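**Student:** Pasting a structure here, questions to come.
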Amino acid sequence: MAKDTIVLGAGMVGVSVAYHLARRGRSVLLIDRREPGDETSLGNAGLIQREAVEPYQFPQDFGTLMSVLPNNRIDIRYQISGMVKAAGPLFQYWRNSWPSHYSDIVPDYAAIIGLCLQEHETMIEAAKAQSLVHKQGWFEIFRRDDSFRERLKDARRVHENHGVNYEVLDRSGVDALQPGLSREVIGGLRWTDSWCVESPGDLVKAYADAYRSEGGETMTAYIESLEPTETGWRVGTSRGDMEAKEVVNALGPWAMIPLKPLGYRFPLFAKRGYNMHYAQGEHPLKHWIRDTEQGYFMAAMREGIRITTGAELAGRDSPPNPAQLDAAEKVARKLVPSMGARLNDTPWEGARPCLPDMKPLIGPAPKHKGLWLALGHGHQGFTLGPVTGRLLGEMMDNEPTAIDMKPFGAERFG
Numbered sequence: 004m005a006k007d008t009i010v011l012g013a014g015m016v017g018v019s020v021a022y023h024l025a026r027r028g029r030s031v032l033l034i035d036r037r038e039p040g041d042e043t044s045l046g047n048a049g050l051i052q053r054e055a056v057e058p059y060q061f062p063q064d065f066g067t068l069m070s071v072l073p074n075n076r077i078d079i080r081y082q083i084s085g086m087v088k089a090a091g092p093l094f095q096y097w098r099n100s101w102p103s104h105y106s107d108i109v110p111d112y113a114a115i116i117g118l119c120l121q122e123h124e125t126m127i128e129a130a131k132a133q134s135l136v137h138k139q140g141w142f143e144i145f146r147r148d149d150s151f152r153e154r155l156k157d158a159r160r161v162h163e164n165h166g167v168n169y170e171v172l173d174r175s176g177v178d179a180l181q182p183g184l185s186r187e188v189i190g191g192l193r194w195t196d197s198w199c200v201e202s203p204g205d206l207v208k209a210y211a212d213a214y215r216s217e218g219g220e221t222m223t224a225y226i227e228s229l230e231p232t233e234t235g236w237r238v239g240t241s242r243g244d245m246e247a248k249e250v251v252n253a254l255g256p257w258a259m260i261p262l263k264p265l266g267y268r269f270p271l272f273a274k275r276g277y278n279m280h281y282a283q284g285e286h287p288l289k290h291w292i293r294d295t296e297q298g299y300f301m302a303a304m305r306e307g308i309r310i311t312t313g314a315e316l317a318g319r320d321s322p323p324n325p326a327q328l329d330a331a332e333k334v335a336r337k338l339v340p341s342m343g344a345r346l347n348d349t350p351w352e353g354a355r356p357c358l359p360d361m362k363p364l365i366g367p368a369p370k371h372k373g374l375w376l377a378l379g380h381g382h383q384g385f386t387l388g389p390v391t392g393r394l395l396g397e398m399m400d401n402e403p404t405a406i407d408m409k410p411f412g413a414e415r416f417g
């Protein structure tokens with residue numbers, strides 16, 4: 004029997020969309036090649052980032068661009084093949100990062116980020132997942148006075164423009180939150196509104212359980228095709244054909260695979276990232292910490308200390324290169340001298356699905372009735388999943404939306 008809706012992709016975005024649609028009384032089938040939360044959503048830093056009102060820009064100043072060329076930074080690296088393949092979207096990304104364009108993007112982005120806490124709270128309560136979430140904020144550390152002062156200017160600006168709260172930490176304040184850090188640290192900046200998740204994959208699984216409790220169904224299968232029918236849509240899978248009146252594409256970095264045969268050419272590209280877990284030491288890591296001057300993150304996960312790297316501009320399926328993670332680990336061991344041995348045999352690798360204007364694509368596909376899109380969330384798919392679920396549910400039921408959705412529509416790509 005055909006479902007009302009099939010949702011493709013069981014990461015944070017897809018699970019959240021499926022949950023909201025099931026809550027609205029729809030019969031929903033959620034399909035992914037893996038179990039919910041076992042793909043891109045598994046390996047992030049575990050942050051619900053209320054402070055992330057300004058999306059990540061492409062470097063603009065000449066000095067930063069020149070420092071990227073040797074390909075030895077921790078915050079950003081590249082593979083030539085991936086850069087060539089994504090040259091068009093990357094050029095658009097660079098252009099949209101110009102101050103004149105970026106200033107138009109930030110208000111739209113801040114509006115959608117502003118809903119993240121309340122929408123996660125709704126799903127956390129439904130999933131009874133409170134034990135996974137720590138509403139303690141997270142903080143950045145600094146060794147140099149110049150970078151510390153520059154970052155405080157940023158904090159004051161986002162507070163004044165968007166109401167994001169922060170706390171300035173001197174060395175004693177850093178020690179009170181996290182003992183045992185290198186004596187090179189002079190202070191920190193704590194983002195007090197944001198939440199931390201000690202096991203991101205488990206939170207997605209808890210949300211998936213809440214979805215099932217609303218009558219939703221899941222299927223583990225490879226998605227092989229997507230085609231319109233007289234009554235809706237047919238999804239070809241490794242377990243047979245499934246039909247529904249409507250389909251939502253929430254496939255993250257794989258979203259374009261079923262869309263290209265339908266004539267869509269959205270400029271989706273990947274920013275890859277790596278992580279590794281380490282044993283806790285004499286001074287256990289208790290907080291989520293960004294080494295802002297170096298460009299990596301340390302998180303107090305259930306599995307141990309998780310180090311996540313910055314972005315690697317590479318093809319989604321390019322061979323992994325552990326050099327970025329190795330460099331981050333070397334610096335992190337100086338920051339946290341008591342950090343123990345690696346706990347995983349090989350680094351985890353994932354791809355962030357990005358669009359060149361730094362905003363997700365949420366809404367109807369322009370060429371096909373009943374096809375809906377929820378993709379391109381970049382660095383903030385984990386933060387924005389529940390928000391996307393709410394907004395797409397409102398759109399699909401032709402209701403007023405919590406924010407203006409025109410800035411996130413497919414029409415902006417022509």
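The numbering used here applies: residue 4 is where the sequence shown begins, and numbers increase by one.
Note that beta-carbon positions come from the ideal geometry of N, C-alpha and C, so glycine has one too.
This one's a predicted model, so the numbers in the text were calculated from it and none came from an experiment.
List the DSSP bridge partners of M245.
**Tutor:** Within the sequence shown, the letter at position 242 stands for residue 245. Bridge partners of M245: V238.
**Student:** Rounding to the nearest angstrom, what Cα-Cα distance links F65 and S321 in this structure?
**Tutor:** One-based indexing of the sequence shown puts residue 65 at position 62. One-based indexing of the sequence shown puts residue 321 at position 318. Straight-line Cα distance between these residues: approximately 28 Å.
**Student:** By the DSSP assignment, the alpha helix (DSSP H) with G12 in it spans what residues?
**Tutor:** Counting from one through the sequence shown, the residue named residue 12 turns up at place 9. Segment: none, G12 is in no alpha helix (DSSP H) and carries neither H nor E.
**Student:** Assuming D258 contacts P359 under a Cβ cut-off of 8 Å, what Cβ separation, rounded to an integer in Å, is found between them?
**Tutor:** Residue 258 sits at position 255 when you count from the first residue of the sequence shown. Residue 359 sits at position 356 when you count from the first residue of the sequence shown. It should be pointed out that residue 258 corresponds to Ala in this sequence rather than to Asp. Incorrect: roughly 15 Å between the Cβ atoms, too far for contact.
**Student:** What does the alpha-carbon distance come out to for the pair E249 and L32?
**Tutor:** For the purposes of this step, residue 249 is taken as residue 246 along the sequence shown, with counting starting at 1. For the purposes of this step, residue 32 is taken as residue 29 along the sequence shown, with counting starting at 1. The straight-line gap from Cα to Cα measures roughly 11 Å.
**Student:** Report the rounded CA-to-CA distance for L93 versus V87, giving the unit in angstroms.
**Tutor:** Counted from its first residue, the sequence shown places residue 93 at position 90. Counted from its first residue, the sequence shown places residue 87 at position 84. Going from the Cα of L93 to the Cα of V87 covers about 9 Å.
**Student:** Which two residues bound the contiguous beta strand (DSSP E) that contains G276?
**Tutor:** On the sequence shown, residue 276 is found 273 positions in, with the first residue counted as 1. Run containing G276: F272 to Y281, per the beta strand (DSSP E) assignment.
**Student:** Would you check if the distance between the CB atom of Q60 and the CB atom of S100 is smaller than 8 Å?
**Tutor:** Here residue 60 corresponds to residue number 57 of the sequence shown, with the count starting at 1. Here residue 100 corresponds to residue number 97 of the sequence shown, with the count starting at 1. Contact flag set, yes.
**Student:** For G85, name the three-state secondary structure that DSSP assigns.
**Tutor:** Counted from its first residue, the sequence shown places residue 85 at position 82. Looking at G85 - three-state DSSP - the assignment turns out to be helix.
**Student:** Determine the direct distance from the alpha carbon of T43 to that of W375, and round the result to whole angstroms.
**Tutor:** Mapped onto the sequence shown, residue 375 falls at position 372. Mapped onto the sequence shown, residue 43 falls at position 40. The straight-line gap from Cα to Cα measures roughly 20 Å.
**Student:** Quick one: complete beta strand (DSSP E) runs, 3+ long, within the region 345 to 381?
**Tutor:** Here the runs fully enclosed are 351 to 357, 364 to 367 and 374 to 378.
**Student:** Candidates I144, M279, L378 and P287: which alpha carbon is nearest E332's?
**Tutor:** Translated into the one-based positions of the sequence shown, residue 332 becomes position 329. If we check each option's Cα against that of E332, M279 comes out closest.
**Student:** Three or more C-beta pairs under 8 Å: does that hold for the region 71 to 87 against the region 260 to 268?
**Tutor:** Output reads no: the region 260 to 268 does not touch the region 71 to 87.
**Student:** Are the CB atoms of W198 and F142 within a distance shorter than 8 Å?
**Tutor:** Against the sequence shown, residue 142 aligns to sequence position 139. Against the sequence shown, residue 198 aligns to sequence position 195. No, the pair does not count as a contact, with Cβ atoms beyond the cut-off.
**Student:** Could you name the residues of the same chain whose beta carbon sits closer than 7 Å to that of E306, not counting the 5 residues immediately before and after it, in chain order?
**Tutor:** Taking the sequence shown and counting its residues from 1, the one referred to as residue 306 is at position 303. Cβ within range, chain order: H280 and L346.
**Student:** Report the rounded CA-to-CA distance for Y169 versus D196, giving the unit in angstroms.
**Tutor:** One-based indexing of the sequence shown puts residue 169 at position 166. One-based indexing of the sequence shown puts residue 196 at position 193. So the alpha carbons of these two residues sit roughly 8 Å apart.
**Student:** Closer than 7 Å by C-beta to A25: which residues in its own chain qualify, once you throw out the five before and the five after it? Chain order, please.
**Tutor:** Along the sequence shown, read from residue 1 onward, the residue named residue 25 stands at position 22. Answer for A25: V31, Y214, E217, G218 and G219, listed in chain order.
**Student:** Just how far apart, CA to CA, sit A405 and E122?
**Tutor:** As a working mapping, residue 405 is identified with position 402 in the sequence shown. As a working mapping, residue 122 is identified with position 119 in the sequence shown. Distance between the alpha carbons of A405 and E122: 11 Å.
**Student:** In three-state DSSP terms, what is P410?
**Tutor:** In the sequence shown, the residue the question calls residue 410 occupies position 407. Of the three classes helix, strand and coil, the one that applies to P410 here is helix, per DSSP.
**Student:** When the Cα of P341 is compared with those of R147, I308 and P323, which residue comes out closest?
**Tutor:** For this step, residue 341 is matched to residue 338 along the sequence shown. Note that residue 341 corresponds to Ser in the displayed sequence, not to Pro. Nearest of R147, I308 and P323 to S341, Cα basis: I308.
**Student:** Which two residues bound the contiguous alpha helix (DSSP H) that contains S70?
**Tutor:** Within the sequence shown, the letter at position 67 stands for residue 70. Start and end: F65 to V71.
**Student:** How is K6 classed by DSSP in three states: helix, strand or coil?
**Tutor:** Your numbering for residue 6 matches position 3 in the sequence shown. Strand, per DSSP.
**Student:** Would you list, in sequence order, the uninterrupted alpha helix (DSSP H) runs of no fewer than 4 residues that lie entirely inside the region 298 to 332?
**Tutor:** Whole alpha helix (DSSP H) segments, 4+ residues: zero.
**Student:** State the beta-bridge partners of T391 as determined by DSSP.
**Tutor:** Here residue 391 refers to the residue found at position 388 when the sequence shown is read from its first residue. For T391, which the question treats as bridged, DSSP gives no partner whatsoever.
**Student:** On the DSSP bridge list, what partners appear for L33?
**Tutor:** Taking the first residue of the sequence shown as position 1, residue 33 is located at position 30. Answer is V10 and T221, bridged to L33.
**Student:** Where do the N-terminal and C-terminal ends of the beta strand (DSSP E) with Y210 fall, by residue?
**Tutor:** Locating residue 210 in the sequence shown gives position 207, where the first residue counts as 1. Not the beta strand (DSSP E): Y210 falls in the alpha helix (DSSP H), residues P203 to S216.
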